[in-house]
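When the letters of the sequence shown are read in order and numbered with the numbering used here, they come out as residues 11 to 308.
Don't be surprised by glycine CBs; every beta carbon is placed ideally from N, CA and C.
Please read the structure below before turning to the comments.
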Amino acid sequence: MSPRELVVLGTSSQVPTRSRNHNGYFLSWDGEGILFDPGDGTQRQMVHAGVAASDISRICITHFHGDHCLGLPGVIQRISLDRSPRDVQVYFPASGREYFDRLRSAAPFHDCATITPRPVAGDGVVAQTATFRIEAHRLDHGIEAYGYRLVERDGRRMLPQRLRERGIAGPDVSVLQREGELRGVRLEEVSEPRRGQRFAFVMDTRLCDGVGRLAEGADVLVIESTYLAEDEGLAVEHGHLTAGQAARVAAEAGVRTLVLTHFSQRYDDPSRFRREAEAVYDGEVVVAEDLSRVRIRG
């Protein structure tokens with residue numbers, strides 16, 4: 011598995027189909043494994059995709075409608091069965107604590123998993139590491155819902171030609187990166203600023219300010235496109251987006267790769283979502299399929 015890669019486990023909305031499982035998305039990020047919205051059947055999809063329960067370090071739940079959380083009991087029990095050594099942090103809307111507790115203990119099992127609940131009560135940073143942070147922003151759905159955004163710290167890109175000119179090679183490159191100076195050569199002389207990568211995850215919502223905040227400058231935006239434009243009235247009524255709306259968000263936010271998902275079972279031609287999105291967005295469009303993978307390109 012790539013150090014930075016999205017593994018799509020499921021792409022259907024409320025009702026799974028013969029070819030689409032309920033939601034489930036696993037983000038591999040430099041040793042971290044973040045599972046988003048594990049719907050029913052996620053544990054089996056993980057087996058098909060080669061994602062181990064011990065790979066999971068964090069779980070992010072946008073809201074507690076079943077197609078976004080009913081796989082949680084099985085995933086947690088598998089984490090326990092496999093005796094994962096990780097302390098798995100679970101982020102979810104604070105108003106849904108009752109539902110989280112029920113799912114956490116939905117059936118008796120030998121519970122040796124370390125699961126730390128992290129209720130989200132408002133917009134802001136919900137996790138911080140030495141290299142990235144995770145933000146949550148409120149969405150507009152029928153119940154409390156949040157989207158998530160991973161933002162890598164800005165860094166520097168090493169320039170091979172300048173390194174060679176100054177005689178810096180091998181392990182010395184790491185020393186220079188760590189210390190900032192080596193044998194009179196400063197890091198700034200042999201590198202250039204590099205903006206940290208950004209990954210955004212937006213599920214069930216109408217258009218709202220939170221969608222734009224999450225999508226802003228994302229290298230990869232995973233976003234629901236439950237409906238096509240012809241059914242925009244249904245999207246508004248039920249708190250969802252169309253493919254065209256999702257694409258306009260991506261265009262306005264400067265997104266690099268747009269990943270459309272969470273498709274209604276009423277549509278049987280995925281290419282229609284691509285055509286609708288490409289009419290308003292000229293970046294890379296991925297119409298997600300179960301068990302597909304999306305590289306987070308540097």
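Going by DSSP, what residue range makes up the alpha helix (DSSP H) through residue i?
i      : result
Pro26  : Premise fails: Pro26 is in no alpha helix (DSSP H) and is neither H nor E.
Glu286 : Ser281 to Glu288
Glu234 : Careful: Glu234 lies outside any alpha helix (DSSP H), inside the beta strand (DSSP E) at Val230 to Glu234.
Gln187 : Pro181 to Glu189
Gly34  : Segment Gly34 to Trp39 is the beta strand (DSSP E) holding Gly34; no alpha helix (DSSP H) there.
Glu240 : Element bounds for Glu240: n/a, residue is neither H nor E.
For the beta strand (DSSP E) holding residue i, just list the boundary residues, first then last.
i      : result
Arg303 : Arg303 to Arg305
Leu268 : Thr267 to Thr271
Leu45  : Glu42 to Phe46
Glu294 : Glu294 to Val297
Phe110 : Run containing Phe110: none in the beta strand (DSSP E); it sits in the alpha helix (DSSP H), Arg107 to Arg114.
Please check the pair residue i and residue j, which I expect to be a contact at CB under 8 Å, by giving their CB distance rounded to whole angstroms.
i      : j      : result
Asn31  : Ser23  : The pair is not a contact, with the Cβ atoms about 11 Å apart (cut-off 8 Å).
Gly20  : Gly51  : 7 Å
Arg176 : Val161 : About 32 Å; that fails the 8 Å criterion.
Leu238 : Phe283 : 7 Å
Report buried or exposed for residue i, applying the criterion of at least 16 other Cβ atoms within 10 angstroms of its Cβ.
i      : result
Ala155 : buried
Val98  : buried
Glu234 : buried
Ile71  : buried
Ala257 : buried
Ile69  : buried
Thr236 : buried
Pro95  : exposed
Val295 : buried
Asp4   : With the chain covering 11 to 308 only, the question about residue 4 has no answer from this structure.
Arg148 : buried
Leu91  : exposed
Thr215 : buried
Pro26  : buried
Val200 : buried
Ser184 : exposed
Skipping 5 residues on each side, what residues in its chain have a beta carbon closer than 6 Å to that of residue i?
i      : result
Gln87  : Phe119
Gly1   : What is shown of the chain runs 11 to 308, which leaves residue 1 out entirely.
Arg205 : Asp164
Leu231 : Ala210, Ala225, Ala260, Val265 and Leu268
Leu16  : Leu37 and Val304
Arg159 : Glu145, Ala210 and Leu224
Please return the same chain residues whose Cβ sits closer than 7 Å to the Cβ of residue i, not counting the five positions on each side in sequence.
i      : result
Asp229 : Gln207, Arg208, Phe209, Arg266, Thr267 and Ile306
Ile89  : Ala63, Ile66, Val98 and Ala123
Ile178 : Leu186, Leu192, Val195 and Val200
Ala298 : Val18, Thr21, Val269, Leu270 and Thr271
Apart from the five residues on each side of it in sequence, which residues of its chain come closer than 8 Å, Cβ to Cβ, to residue i?
i      : result
Ala137 : Arg68, Gln99, Tyr101, Arg128, Arg143 and Ile144
Ser105 : Ile153 and Glu154
Taking 6 Å as the cut-off, is the beta-carbon of residue i closer than that to any non-hydrogen atom of the ligand MG?
i      : result
Pro280 : No copy of the ligand MG appears in this structure; indeed no ligand is present at all.
TODO: Could you say if the segment 187-198 and the segment 123-143 meet the contact criterion of at least three C-beta pairs nearer than 8 Å?
DONE: Between the segment 187-198 and the segment 123-143, the count of C-beta pairs closer than 8 Å stays below three; the two stretches do not touch.
Task: the segment 78-96 touching the segment 109-116, judged by at least three CB pairs closer than 8 Å - done: The segment 109-116 and the segment 78-96 touch, with three or more beta-carbon pairs separated by less than 8 Å.
Open item on the list: Check whether the segment 58-78 and the segment 32-46 are in contact - that is, three or more C-beta pairs closer than 8 Å.
Closed with: Put simply, the segment 58-78 touches the segment 32-46. At least three CB pairs are less than 8 Å apart.
Open item on the list: Can you confirm whether the segment 194-213 touches the segment 287-298 when touching is taken to mean that 3 or more C-beta pairs between the two stretches lie within less than 8 Å?
Closed with: Not touching, per the Cβ criterion.
- [ ] Kindly confirm or deny that the segment 260-268 and the segment 245-252 touch, where touching means at least three C-beta pairs closer than 8 Å.
- [x] With fewer than three CB-CB distances shorter than 8 Å, the segment 260-268 does not count as touching the segment 245-252.
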